[in-house]
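Below: one structure, written as structure tokens.
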Amino acid sequence: RTFAISMVDEGRLHRNANTQAIRQDTVMWVRDHSAETTSSTHGRDQDGRTEQRAQRQEAQSFNHCLKAMRGLGFELDGSVDYRRSTNHQVPTDLQLACFDGHQAGYMAHRDNPSDPSSSVWELGLVGYLQSQPYRRRTVTAILYLNNENWSSERSGGALRVYLGAHEDDYVGHSAEQVLEIQPQGGTLVLFDSKVILHEVLSAAERRLALTLWICGDPAAPAAPAAPAAPAAPG
1 RTFAISMVDE
11 GRLHRNANTQ
21 AIRQDTVMWV
31 RDHSAETTSS
41 THGRDQDGRT
51 EQRAQRQEAQ
61 SFNHCLKAMR
71 GLGFELDGSV
81 DYRRSTNHQV
91 PTDLQLACFD
101 GHQAGYMAHR
111 DNPSDPSSSV
121 WELGLVGYLQ
131 SQPYRRRTVT
141 AILYLNNENW
151 SSERSGGALR
161 VYLGAHEDDY
171 VGHSAEQVLE
181 IQPQGGTLVL
191 FDSKVILHEV
201 LSAAERRLAL
211 TLWICGDPAA
221 PAAPAAPAAP
231 AAPG
């Protein structure tokens, strides 16, 4: 968390390409070596060396989070009985996002709103190329980097999830159930990128999250049950 805050304070995050009316966070793409510290200790006094050691430890902790999240694809394929998608692939980069606390939020949306079967003829060349980064997203994984005692009642910023919302519902009116997940530090949330409609409620405190979009192939439909054998004549 401390290393992520330092990157925010250094101005390394930038406004997302989407309009500010849709989302009000700043983001940057990070990978393992984003957290390396390379400054020399030569000529530093004791306080300077102590500070650098602390920064190195913070960077190592941040890298540990990145590597742990990138291992989720393997977990989905091997250790977890997850059957909505297969052949999971993990990108090199994760997204670090910060809502600055001035009532910033993100309107309801799905992380993979496109139909993976849509062709270039249906979308047009520009639309097809623009949708490529999103089209194979199957699982969204979010790790929150806030205080462990975050209270959405006090600070807002909950992740609101609309379970069972119809695929043509973009605001959540048809949801069968609505959940609000507090973004407490260390909380890991995974959901179907194509199906789950979700939004970030406005936050009154700085809100940090690491997001990984795991790609994969749609799971094959379940084979129909074999017909029951006829009863033997009595």
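Numbering-wise (this note's numbering), the sequence shown opens with residue 1 and increments by one.
Ideal placement from N, C-alpha and C gives every residue a C-beta, glycine not left out.
For clarity, every value in this text was computed on a predicted model and none was experimentally measured.
Could you have a look at residue i and say whether DSSP puts it in helix, strand or coil?
i: residue 89; result: strand
i: residue 164; result: coil
i: residue 76; result: helix
i: residue 68; result: helix
i: residue 83; result: coil
i: residue 144; result: strand
i: residue 40; result: A caution first: residue 40 carries a pLDDT of 43, below 50, which makes its placement in the model unreliable, though a value can still be read off. Note: residue 40 maps to coil in three-state DSSP.
i: residue 192; result: strand
i: residue 58; result: helix
i: residue 184; result: coil
i: residue 49; result: helix
i: residue 13; result: coil
i: residue 217; result: strand
i: residue 106; result: strand
i: residue 206; result: coil
i: residue 136; result: coil
i: residue 19; result: coil
Along the chain, where does the alpha helix (DSSP H) containing residue i start, and where does it finish?
i: residue 9; result: 2-9
i: residue 153; result: 152-155
Here's a check: name, in chain order, each residue in its chain whose Cβ is nearer than 6 Å to the Cβ of residue i, leaving out the five neighbours to either side.
i: residue 58; result: 2 and 3
i: residue 205; result: 101 and 155
i: residue 72; result: 141
i: residue 187; result: 144
i: residue 42; result: For residue 42, the pLDDT reaches just 48, beneath the cut-off of 50, and the residue's location in the model is therefore unreliable, although a value from the coordinates is still provided. Hits under 6 Å: none found.
Whose C-alpha, out of the options, is nearest the C-alpha of residue i?
i: residue 210; options: 190, 216 and 84; result: 190
i: residue 213; options: 64, 93, 147 and 78; result: 93
i: residue 200; options: 7, 219, 84 and 108; result: 108
i: residue 172; options: 197, 180, 80 and 112; result: 197
i: residue 216; options: 174, 179, 80 and 76; result: 76
i: residue 106; options: 185, 10, 194 and 170; result: 170
Counting only the same chain and skipping the five closest in sequence on each side, list residues whose C-beta sits under 7 Å from that of residue i.
i: residue 65; result: 143 and 210
i: residue 32; result: 63, 66 and 67
i: residue 176; result: 163 and 164
Would you give the residue range spanned by the beta strand (DSSP E) that residue i belongs to?
i: residue 198; result: 197-203
i: residue 171; result: Taken as a continuous stretch (DSSP letters only), residue 171 belongs to no beta strand (DSSP E), as it is neither H nor E.
i: residue 97; result: 94-99
Among residues of its own chain, excluding the 5 on either side of residue i, which ones have a beta-carbon nearer than 8 Å to its beta-carbon?
i: residue 39; result: Note that residue 39 scores 44 on pLDDT, short of 50, meaning its location in the model is unreliable; the coordinates nonetheless yield the value given after this. Taken in chain order, the residues that qualify are 52.
i: residue 14; result: 26, 27 and 28
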